[in-house]
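Line by line, the protein sequences are chains R and L.
For the first sequence, the positions run 59 to 446 when the numbering used here is used.
For the second sequence, the positions run 59 to 446 when the numbering used here is used.
Number of protein chains: 2
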Amino acid sequence: MLPVGKAMRVGLADLAPLSLGAAILGTGGGGDPTIGRLALQRQIARHGPPLVISLDSLDDDAFVIPIGMSGSPAVALEKLISESFADSVLRRYERLMGRAVDAVIPFEIGGVNSLIPLLTACATGLPVIDADGMGRAFPSLERTSFAISGVSPFPLVIINERSETVIVEAPTPLRGEQIIRTALVELGGACVSAKYPMSGRQVKHSAIAGSLSHAAGLGRAVLAARADKADPFAAILSFLTRQSPPVYGRVLVEGKITDISRDMVGGYNIGAGSLDKDDGDRIDFSFQNEFLVLRRNRILLAVVPDLICFLDRETAEPITCETLRYGQRVTVIGVRAAAPFRTSAGLAAAGPRSFGLPYDYVTLEALASLSSEPRLPAGDIAWTPPDL
Amino acid sequence: MLPVGKAMRVGLADLAPLSLGAAILGTGGGGDPTIGRLALQRQIARHGPPLVISLDSLDDDAFVIPIGMSGSPAVALEKLISESFADSVLRRYERLMGRAVDAVIPFEIGGVNSLIPLLTACATGLPVIDADGMGRAFPSLERTSFAISGVSPFPLVIINERSETVIVEAPTPLRGEQIIRTALVELGGACVSAKYPMSGRQVKHSAIAGSLSHAAGLGRAVLAARADKADPFAAILSFLTRQSPPVYGRVLVEGKITDISRDMVGGYNIGAGSLDKDDGDRIDFSFQNEFLVLRRNRILLAVVPDLICFLDRETAEPITCETLRYGQRVTVIGVRAAAPFRTSAGLAAAGPRSFGLPYDYVTLEALASLSSEPRLPAGDIAWTPPDL
Numbered sequence: 059m060l061p062v063g064k065a066m067r068v069g070l071a072d073l074a075p076l077s078l079g080a081a082i083l084g085t086g087g088g089g090d091p092t093i094g095r096l097a098l099q100r101q102i103a104r105h106g107p108p109l110v111i112s113l114d115s116l117d118d119d120a121f122v123i124p125i126g127m128s129g130s131p132a133v134a135l136e137k138l139i140s141e142s143f144a145d146s147v148l149r150r151y152e153r154l155m156g157r158a159v160d161a162v163i164p165f166e167i168g169g170v171n172s173l174i175p176l177l178t179a180c181a182t183g184l185p186v187i188d189a190d191g192m193g194r195a196f197p198s199l200e201r202t203s204f205a206i207s208g209v210s211p212f213p214l215v216i217i218n219e220r221s222e223t224v225i226v227e228a229p230t231p232l233r234g235e236q237i238i239r240t241a242l243v244e245l246g247g248a249c250v251s252a253k254y255p256m257s258g259r260q261v262k263h264s265a266i267a268g269s270l271s272h273a274a275g276l277g278r279a280v281l282a283a284r285a286d287k288a289d290p291f292a293a294i295l296s297f298l299t300r301q302s303p304p305v306y307g308r309v310l311v312e313g314k315i316t317d318i319s320r321d322m323v324g325g326y327n328i329g330a331g332s333l334d335k336d337d338g339d340r341i342d343f344s345f346q347n348e349f350l351v352l353r354r355n356r357i358l359l360a361v362v363p364d365l366i367c368f369l370d371r372e373t374a375e376p377i378t379c380e381t382l383r384y385g386q387r388v389t390v391i392g393v394r395a396a397a398p399f400r401t402s403a404g405l406a407a408a409g410p411r412s413f414g415l416p417y418d419y420v421t422l423e424a425l426a427s428l429s430s431e432p433r434l435p436a437g438d439i440a441w442t443p444p445d446l
Numbered sequence: 059m060l061p062v063g064k065a066m067r068v069g070l071a072d073l074a075p076l077s078l079g080a081a082i083l084g085t086g087g088g089g090d091p092t093i094g095r096l097a098l099q100r101q102i103a104r105h106g107p108p109l110v111i112s113l114d115s116l117d118d119d120a121f122v123i124p125i126g127m128s129g130s131p132a133v134a135l136e137k138l139i140s141e142s143f144a145d146s147v148l149r150r151y152e153r154l155m156g157r158a159v160d161a162v163i164p165f166e167i168g169g170v171n172s173l174i175p176l177l178t179a180c181a182t183g184l185p186v187i188d189a190d191g192m193g194r195a196f197p198s199l200e201r202t203s204f205a206i207s208g209v210s211p212f213p214l215v216i217i218n219e220r221s222e223t224v225i226v227e228a229p230t231p232l233r234g235e236q237i238i239r240t241a242l243v244e245l246g247g248a249c250v251s252a253k254y255p256m257s258g259r260q261v262k263h264s265a266i267a268g269s270l271s272h273a274a275g276l277g278r279a280v281l282a283a284r285a286d287k288a289d290p291f292a293a294i295l296s297f298l299t300r301q302s303p304p305v306y307g308r309v310l311v312e313g314k315i316t317d318i319s320r321d322m323v324g325g326y327n328i329g330a331g332s333l334d335k336d337d338g339d340r341i342d343f344s345f346q347n348e349f350l351v352l353r354r355n356r357i358l359l360a361v362v363p364d365l366i367c368f369l370d371r372e373t374a375e376p377i378t379c380e381t382l383r384y385g386q387r388v389t390v391i392g393v394r395a396a397a398p399f400r401t402s403a404g405l406a407a408a409g410p411r412s413f414g415l416p417y418d419y420v421t422l423e424a425l426a427s428l429s430s431e432p433r434l435p436a437g438d439i440a441w442t443p444p445d446l
């Protein structure tokens, strides 16, 4: 990205690393950013490169709207062909609040949703804030650093490609999410959405800073390693270490997928599987849109909210839960969750128990350094999806 | 009702005739107004009688919102216990449109929805317009004189008793209705709703004038006949004849219910049945929330949008489609539909074919005066519910 004072322009050369980094941070979900990248390429050619501003350069009184897509990523991708579709939700939100939006920000940096605000920025000239609300992808509305900081998601606005619009307000974010899920199905499975209206001050207090440049840097490290025929996994870990402060991450396991099953439940892509290490050890995993947990029998290797990223063992190309298949050779890396998700409020929102897993969170670092690895509780440890 | 200049106050003495008349005009649907009447009684005791103004006294530039309940009448009635619930939708609509509402109006005069605007008027001091959008009850959103005149129903706002709010906009009223139906289920089956925002000029152009006083007059005629031990059906027909212009109506049939079946389909109360006349002739009928058609074999006796009202044979107490049961002795009267529903636009919206009936509309008057009664087309005349 080209620095412009405290701001940067996202040019055509940034798109490949940005979408690759975003796909890695998607931890199996968030949708494949490829089609989003193609749409963004067309928009940049038409309107010029969008402006990305740093979180600390944001005016305290700015009016900021997080935007992205809600619903099934697979359906969402097909609809992205119409770029102006992404602007419609911004315009409706402005009309609803009676106020012009000053900047947009991604809900999540993982997957296609990292690119939607950039698409909108091209057409509208609004800046995108270099930050997000997850530092990864999560399957639902409550799991944002905005919500953890006490920001209300309401009003929630979703619009489909036929301009069918649903606006929701509810006493709790969870009920808002339930009502929106129902409406999403009626509106065709995927919509552009806007929620968590914030002042600049609120965004600075709650957002995860530097997400877009982090994703682009991560992608750039992998692409450079590939070009140099170097080890892309070493490049990822080296990139994470060079951050300020350094981001903890490590290779968790290498192996071959030996089992995978998935189902659509309540609008979520839910499933589990296993992979065999070269030494024959079997590793199990489960997911709800994104990977939730990785374990060897009763020994926990990594668990949400920490990032569990399945990558192709040769190229480090990220593999989504939807495209994971028998026989794939993968390297799984773990990356520490963003700080807000390691607080008690963050873990209540996005920790293992929030997904119905029957045990508490242990950090990726603790799991690596403990002399005797923590054992999961006795009894049934099979994952039962929570009441969706 | 007590005249106040061009306006009237609805006092406690008006509630019994008004709710009786509204139940008759509900043509089997619209919900039993009894609980609404009790709620209104409490509100009048607390705030004094609400003001009802005539359609022609309305200011052209007034901002008018039709309000009522959407969803299952049975569920709606239980929720009416909290009167302030009805005001919430008005307040939300004002906030949404950035404009104070000057007057409210019922969507439909049939059933409980005739009383909701009066409830709101008590608490807010707003006047209610003596008019409505149906002159009866209909099962869905598109079937209003407002829509027939080209008024948009959007934005559609529904709110439940927990303040969960859904606002819908769509390219067509039909899609709006489909999206709202889905949301209604998620919101518990019944909500207060507001839609068709209008200027005073639009209301004057599109509403059916005098509906509230018409319902109250109809109810008063029945109550007076009962008190005088006179024939309540003669009183109804005499009342209709005395209107200016006279409203055509007649007794269609008397008999005993011999068959009734009903089912909930797509949120509608759908069913059919038959009754035996004293001479043994069998009469068939069908309904979708409200009665749709009455026929003797292939001979049509009455069909929507004309009103088909099932009344208790002794007391003329109206019987809803939900409470109709085997063995009930009924008198069925037909009343001509309000003028907007007899236009081609009105029949497209609310004629027999709009309900999936396989034949065209014939007026109640024509069915009475034709020397040889029109026969329905050969083939299957059983009613198949439309694609809901």
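Yeah, the Cβ is synthetic: ideal placement off N, Cα and C, and Gly gets one too.
Remember, predicted model here, so these are calculated numbers, not experimental data.
Of the other Cβ atoms in all chains shown, fewer than 16 fall within 10 Å of the Cβ of L/Ile357; this residue is therefore exposed.
Note that the stretch 281 to 293 of chain R does not touch the stretch 81 to 89 of chain R; fewer than 3 beta-carbon pairs, one per stretch, sit closer than 8 Å. A distance of 8 Å or more separates the beta carbons of L/Thr240 and R/Glu227.
Per DSSP, R/Asp342 is one residue of the beta strand (DSSP E) stretching across 340 to 346. Within the same chain, Cβ atoms closer than 8 Å to the Cβ of L/Lys262 are found at Leu113, Asp114, Leu116, Asp118, the five residues on either side in sequence being excluded. Contacts between L/Ser402 and chain R, judged by CB atoms closer than 7 Å, are missing: the closest CB pair is about 28 Å apart. Taking the CA atoms as reference points, L/Ile238 sits about 11 Å from L/Ala248. Distance between R/Lys314 and R/Leu333, taken at the CA atoms: about 5 Å. Separation of R/Asp418 and R/Ala158 (C-alpha to C-alpha, rounded to the nearest whole angstrom) is 43 Å. No Cβ-Cβ contact shorter than 8 Å links R/Ile318 with R/Leu365. Listed as beta-bridge partners of R/Ala374 by DSSP are no residues whatsoever. Fully contained in the stretch 172 to 199 of chain R are the following alpha helix (DSSP H) runs of length 4 or more, in chain order: 174 to 182. For R/Ala330, no alpha helix (DSSP H) segment is defined; the enclosing uninterrupted segment is the beta strand (DSSP E) at 326 to 334. Taking 8 Å as the cut-off, the Cβ atoms of R/Leu270 and R/Val393 do not count as close. By the Cβ-count criterion, R/Gly69 is exposed, with fewer than 16 other Cβ atoms from all chains shown falling within 10 Å of its own Cβ. For R/Glu152, the closest Cβ of chain L is not nearer than 8 Å. With contact defined as three or more Cβ pairs closer than 8 Å, the stretch 305 to 314 of chain L and the stretch 148 to 164 of chain L are not in contact.
Within the stretch 81 to 123 of chain L, the runs of beta strand (DSSP E) that reach at least 3 residues and sit entirely inside it are, in chain order, 109 to 111.
Within the same chain, Ser128, Gly129, Ile216, Ala248, Cys249, Gly325 come within 8 Å of R/Leu242 by CB-CB distance, once the 5 residues on both sides are set aside. In the DSSP assignment, R/Pro164 forms a beta bridge with R/Ile125.
Comparing alpha carbon positions, the residue from R/Glu423, R/Ala424, R/Pro410, R/Ser402 closest to R/Ser203 is R/Ser402. For L/Val147, no Cβ of chain R is located within less than 8 Å of the residue's own Cβ. Taking L/Arg353 as the centre and dropping the five residues before and after it, the same chain places the C-beta of Asp342, Leu359 closer than 6 Å to its C-beta, in chain order. The alpha-carbon separation between L/Arg233 and R/Arg220 amounts to approximately 11 Å. A check of alpha carbon separations from L/Lys64 across L/Val362, L/Val110, L/Thr92 identifies L/Val110 as the nearest.
At a Cβ-Cβ threshold of 8 Å, L/Gly126 and L/Ile174 count as neighbours. In this structure R/Ile93 is not in contact with R/Asp190, their Cβ atoms being roughly 20 Å apart against a cut-off of 8 Å. If you draw a 10 Å sphere on the C-beta of R/Tyr254, you find 16 or more other C-beta atoms in it, and that means buried. Residues of the stretch 220 to 231 of chain R with a Cβ closer than 8 Å to any Cβ of chain L, in chain order: Arg220, Ser221, Glu222, Thr223, Val224, Ile225, Val226, Glu227, Ala228, Pro229. Residues of chain L whose Cβ lies closer than 8 Å to the Cβ of R/Ile237 are, in chain order, Glu222, Val224, Ala241, Glu244, Leu245. About 15 Å separates the CB atoms of R/Leu177 and R/Ala161; that is not less than 8 Å, and the two are not in contact. In this structure, the beta-carbon distance from L/Pro107 to L/Leu281 does not fall below 8 Å. Taken atom to atom, the span from the alpha-carbon of L/Arg149 to that of L/Ala80 is near 26 Å.
Rounded to the nearest whole angstrom, the CA to CA distance from L/Val388 to R/Ser210 is 55 Å. Contacts between R/Arg233 and chain L, judged by CB atoms closer than 7 Å, involve Glu222 in chain order.
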